[in-house]
Amino acid sequence: MGWVMVVPLLPWLAALWIGVGMLTGQRRGEAGERGTAWVALLAATGSLLGMLVVDGMAVHQGVMGHVVVFPWLSSGPLRVTISLLLDRPGLVMGTLVAFGALMTLKFAVNYMHREPGFHRFFAVLCLFAGGMTWIALSGNAVLTFVGWEVAGLSSYLLIAYADTRTTATTNATRAFVTNRFGDAGMVFGMAMVFLWTKGVEWPAIFQAAKPLGSLLTAVMVAGFLLAAVVKSAQIPFVAWISRALEGPTPSSAVFYGALMAHAGAFLVIRLEPLLVLAPFWMVILMLIGGLTALFASAVGRVQTDVKSVLIFSTQAQIGLIFFECGAGFFDFALWHLVAHTLWRFYQFLLSPSYIHLAPVRPSAGGVAKSPALYTLLLHRGWFDSVTDALITRPTLALARDVQIFDELVISRMSGRPMQESLLRHMVAGVEVSSLSGVTQGRGVLGRLLERVGMLFFWFEEHLVLRSSGDGLLKAMRFLGEYVTRIELLFGQPRYLYLMIMLTFLVIL
Numbered sequence: 003m004g005w006v007m008v009v010p011l012l013p014w015l016a017a018l019w020i021g022v023g024m025l026t027g028q029r030r031g032e033a034g035e036r037g038t039a040w041v042a043l044l045a046a047t048g049s050l051l052g053m054l055v056v057d058g059m060a061v062h063q064g065v066m067g068h069v070v071v072f073p074w075l076s077s078g079p080l081r082v083t084i085s086l087l088l089d090r091p092g093l094v095m096g097t098l099v100a101f102g103a104l105m106t107l108k109f110a111v112n113y114m115h116r117e118p119g120f121h122r123f124f125a126v127l128c129l130f131a132g133g134m135t136w137i138a139l140s141g142n143a144v145l146t147f148v149g150w151e152v153a154g155l156s157s158y159l160l161i162a163y164a165d166t167r168t169t170a171t172t173n174a175t176r177a178f179v180t181n182r183f184g185d186a187g188m189v190f191g192m193a194m195v196f197l198w199t200k201g202v203e204w205p206a207i208f209q210a211a212k213p214l215g216s217l218l219t220a221v222m223v224a225g226f227l228l229a230a231v232v233k234s235a236q237i238p239f240v241a242w243i244s245r246a247l248e249g250p251t252p253s254s255a256v257f258y259g260a261l262m263a264h265a266g267a268f269l270v271i272r273l274e275p276l277l278v279l280a281p282f283w284m285v286i287l288m289l290i291g292g293l294t295a296l297f298a299s300a301v302g303r304v305q306t307d308v309k310s311v312l313i314f315s316t317q318a319q320i321g322l323i324f325f326e327c328g329a330g331f332f333d334f335a336l337w338h339l340v341a342h343t344l345w346r347f348y349q350f351l352l353s354p355s356y357i358h359l360a361p362v363r364p365s366a367g368g369v370a371k372s373p374a375l376y377t378l379l380l381h382r383g384w385f386d387s388v389t390d391a392l393i394t395r396p397t398l399a400l401a402r403d404v405q406i407f408d409e410l411v412i413s414r415m416s417g418r419p420m421q422e423s424l425l426r427h428m429v430a431g432v433e434v435s436s437l438s439g440v441t442q443g444r445g446v447l448g449r450l451l452e453r454v455g456m457l458f459f460w461f462e463e464h465l466v467l468r469s470s471g472d473g474l475l476k477a478m479r480f481l482g483e484y485v486t487r488i489e490l491l492f493g494q495p496r497y498l499y500l501m502i503m504l505t506f507l508v509i510l
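Next comes the structure, spelled out in structure tokens:
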């Protein structure tokens, strides 16, 4: 069954072909659209036909189960193979992905006609199709993570498709940063799985987890559930998905309306053998799914544009799928996922026509009678602001701090010239005291470091420099510049959070 590898590889080969054509100038402008579209459609058609053949074999001969194609990575006790898990959930999801990718690409041929980024759009969409297929068919956690990351990268690239618009790039960053929390959870889950089961293949994990007990299994599955909750935009990570609709309509359909938003729900279904051993998490899934369904249904009632109404409806339905998994109805949840995906595909691809078919904006109904409730729902429970304050802005600030540190310290130590324009942009907001010449700190640690800096400044001015001349003055100022910059960086409150997280990692 190694030939099944062509199913996820065909879209990636198409993406590679389109990308090489763009780099060499063979696939540019309207003249190259036909070739790009045909290659993408042929790859998607080949993947769908391959899945249908496997489905037919499963009907007549039974599901193949776990298929190891060839070894991939060997490092000490770690053994990772290129393997496929051709069981019922995998075949159903794989066929759904192949069908959805083909329909979306076919729709996009005319919809994206004469768009400046036509070829880029089709390349990224093929990349996404291959990543989602790996999520569905991979036989081990590592390959699932590979597909997970490729799908996430494709999502970021298509949300920021209109890269000249600040709104598009900002919302792409929101989605990307938020989803990194889920990725960290999956890495943690894989680490715990390897620590306690000594393997990463899904069937081996399910078998080895049985004697571990509910506590260790609950810890092992926690990271995977975090990844699933974030990817499917469940409470409390509900804010990013509505912001992700900045991409073109075909990408909105294939990413958030139909396929990618269901990736988290599919992962939960895949983890059924582990979840039944950890009933605590099943209760949590019911709670998260139920609250998300109520929240999204209520917020959807006050939306006035087609895409927002559809995405909150999608979020509510996925919340119900999580609830069904928590209640133990995994088979029903799989059927619900398939039915909802197909219906939502149709609705999202038809959404441009809805504007003409339904020119009157929907009414909020009885919700509008309560100004407080209406305001709460109109602002989407202020989850957007909370997410920006707790996740997006601290992450971006930490990234700026690291870049400043790289410019001020690493670049100088390695002999590289410092980018003065970038440095001026990064430190434009630094406040300097006109009285002491010491950078002002923020937070308790920052204020403490500021006091220490003022003490050293006084010592330098009144004792050292008066007896040593201008040479020592220049040297001290040269050294003091770096010390105060480092004090500024490590005086930020977010580093306290970082140290707390590192402490927990060391304890674990």
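Counting along the sequence shown from 1, when you hit position 121 you're at 123 in my numbering, and nothing is skipped either side.
All residues carry an ideal CB built from backbone N, CA and C; glycine is no exception.
With at least 16 other beta carbons inside 10 angstroms of its own, Q317 counts as buried. In this structure G292 does not touch G266 by the C-beta definition: roughly 16 Å separates them, more than the 8 Å allowed.
Counting the other Cβ atoms within 10 Å of the Cβ of T389 gives 16 or more, which makes it buried. Taking all protein chains in view, the Cβ of N142 is crowded by 16 or more other Cβ atoms within 10 Å, so the residue is classified as buried. The shortest C-alpha to C-alpha distance from L287 to any of V304, M24, L197 and A229 is the one to A229.
Residue state for G67 is assigned as strand, using DSSP reduced to three classes. CA-to-CA, the gap between L277 and A298 works out to about 25 Å.
Below 8 Å, too few C-beta pairs join the region 101-113 and the region 21-30 to call them touching: fewer than three.
By the CB criterion at 8 Å, G184 and M222 fall outside the cutoff. In this structure, the straight-line span from the alpha carbon of S49 to that of I406 is close to 46 Å. Excluding sequence positions up to five before and after I393, its CB lies within less than 8 Å of the CB of V179, T180 and F183, all in the same chain and listed in chain order. Inclusion of C327 and I237 in the CB contact set at 8 Å is not warranted, their separation being larger than that value. When the Cα atoms are used, T83 and E203 turn out to be separated by approximately 8 Å.
Where I84 is concerned, the enclosing beta strand (DSSP E) starts and stops at L80 to L88. For K200, there is no enclosing alpha helix (DSSP H), as DSSP marks it with neither H nor E. In this model, T397 and F385 are separated by some 17 Å (Cα to Cα). Bounds of the alpha helix (DSSP H) holding P281 are P281 to G302.
The three-state reading of DSSP puts L322 in helix, counting H, G and I together. A direct Cα-to-Cα measurement between F72 and S85 gives close to 7 Å. The residue from R122, G31, F347 and V55 with its alpha-carbon nearest to that of I20 is R122. Taking the C-beta atoms as reference points, Y163 is found nearer than 8 Å to P250. Rounded to the nearest angstrom, the gap between the Cα atoms of L18 and G154 is 18 Å.
Closest by C-alpha distance to P275, out of M134, V304, P205 and A33, is P205. The region 95-102 and the region 331-350 touch, with no fewer than 3 CB-CB distances between them shorter than 8 Å. Here the C-alpha atom of H358 lies approximately 30 Å from the C-alpha atom of A131. Within the same chain, Cβ atoms closer than 8 Å to the Cβ of V65 are found at L88, D89, R90 and L93, the five residues on either side in sequence being excluded.
Between the alpha carbons of M284 and S244 lies a gap of roughly 26 Å. When the five nearest sequence neighbours on each side are left out, the beta carbons in the same chain lying within less than 6 Å of the beta carbon of A46 are those of A103, L104 and L107, in order along the chain. When H68, M188 and L54 are compared, the shortest CA-CA separation from H62 is found for L54. Only exposed fits E32, as fewer than 16 other CB atoms lie within 10 angstroms of its CB.
At a Cβ-Cβ threshold of 8 Å, T199 and L279 do not count as neighbours. Q209 sits exposed, since fewer than 16 C-beta atoms from the chains shown fall within 10 Å of its C-beta. Residue range A143 to I161 is occupied by the alpha helix (DSSP H) that includes E151.
Non-local C-beta neighbours of A16 in its own chain, meaning closer than 7 Å and more than five positions away in sequence, comprise V41, A42, A45 and C128, ordered along the chain. Boundaries cannot be given for W5, as no alpha helix (DSSP H) includes it and DSSP labels it neither H nor E.
Taking the Cα of F325 as reference, the smallest distance to any Cα among S353, I313, I290 and Q305 is reached at I290.
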